[in-house]
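Notes follow once the structure below has been shown.
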């Protein structure tokens, strides 16, 4: 039997006396994707933080790869915070993260990813000098650089133009083909064209199959 990449059971979370998530259930198998659709303030980012092990649920359980302990080496995470070092260049950031994951030949890996995301002309530019859209491309490369088994992306198409969005969709598809499970959030299903995923609507703290699917 294949071990599920993610199992969330009756997950709830409150900030003080204010409930944000109410009894959410979600199972995700390797090579599959789940899209969480919801408006600002619906709790998408809170749920992402719980899935990534950055926030403990108030109630319920969260298990990755059959283990309640989070092995972050198997996890790729994209949030609204890019986790890029703004005074380092685009290339230096990817070299740093490749080395952090213990990968062989970080300079070569960084160069390959710079090419894949179309930033060859900006490789030597400090992150603080590039556009928000190009910074998003670089953050996505950072999240994918170690070939994670679970990729969690909070609104991955933020600040991207059409070409950038299509690039990211291709990277998501490639990840799924090699068996990576993917969770992503979006404001609407319209941005998810061409992504093979189960869609869920997060509203009033509850998760349900998206009526638009």
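Residue numbers (my numbering): 390 to 602.
Just so you know, even glycine gets a beta-carbon here, dropped at the ideal spot from N, CA and C.
Residue state for residue 515 is assigned as strand, using DSSP reduced to three classes.
DSSP, read as helix, strand or coil, puts residue 492 in coil. Non-local C-beta neighbours of residue 564 in its own chain, meaning closer than 6 Å and more than five positions away in sequence, comprise 540, ordered along the chain. A contact between stretches requires three or more CB pairs, one per stretch, nearer than 8 Å, and the region 490-500 fails this requirement with the region 570-587. For the pair residue 448 and residue 520, the CB atoms are not nearer than the 9 Å cut-off. A Cβ-Cβ contact shorter than 9 Å links residue 409 with residue 594. Listed in chain order, the non-local C-beta contacts of residue 513 below 7 Å within the same chain comprise 478 and 480, local neighbours out to five positions each way being set aside. In this structure, the alpha-carbon of residue 396 lies about 15 Å from that of residue 424. Taken in chain order, the complete beta strand (DSSP E) segments of 3 or more residues contained in the region 401-438 are 407-417 and 422-426. Counting only unbroken stretches of 4 or more residues, the alpha helix (DSSP H) elements lying wholly within the region 440-495 are 479-489, in sequence order.
Of the residues 515, 581 and 392, the one whose Cα lies closest to the Cα of residue 475 is 515. In the three-state reduction of the DSSP assignment, residue 505 falls in the helix class.
Residue 560 sits in a helix when the DSSP states are folded into three classes. Residue nearest to residue 590 within the set 566, 427, 418 and 464 is 427 (criterion: CA-CA distance). With distances taken between CA atoms, residue 527 lies nearest to 553 out of 536, 553, 538 and 537. In the DSSP annotation of this structure, residue 510 is not part of any alpha helix (DSSP H), being labelled neither H nor E.
Residue 455 and residue 533 have their C-alpha atoms some 22 Å from each other.
Rounded to whole angstroms, the separation of the alpha carbons of residue 583 and residue 429 is 23 Å. In the three-state scheme derived from DSSP, where H, G and I count as helix and E and B as strand, residue 567 is classed as coil. Of the candidates 411, 555 and 505, the residue whose Cα lies closest to the Cα of residue 450 is 411.
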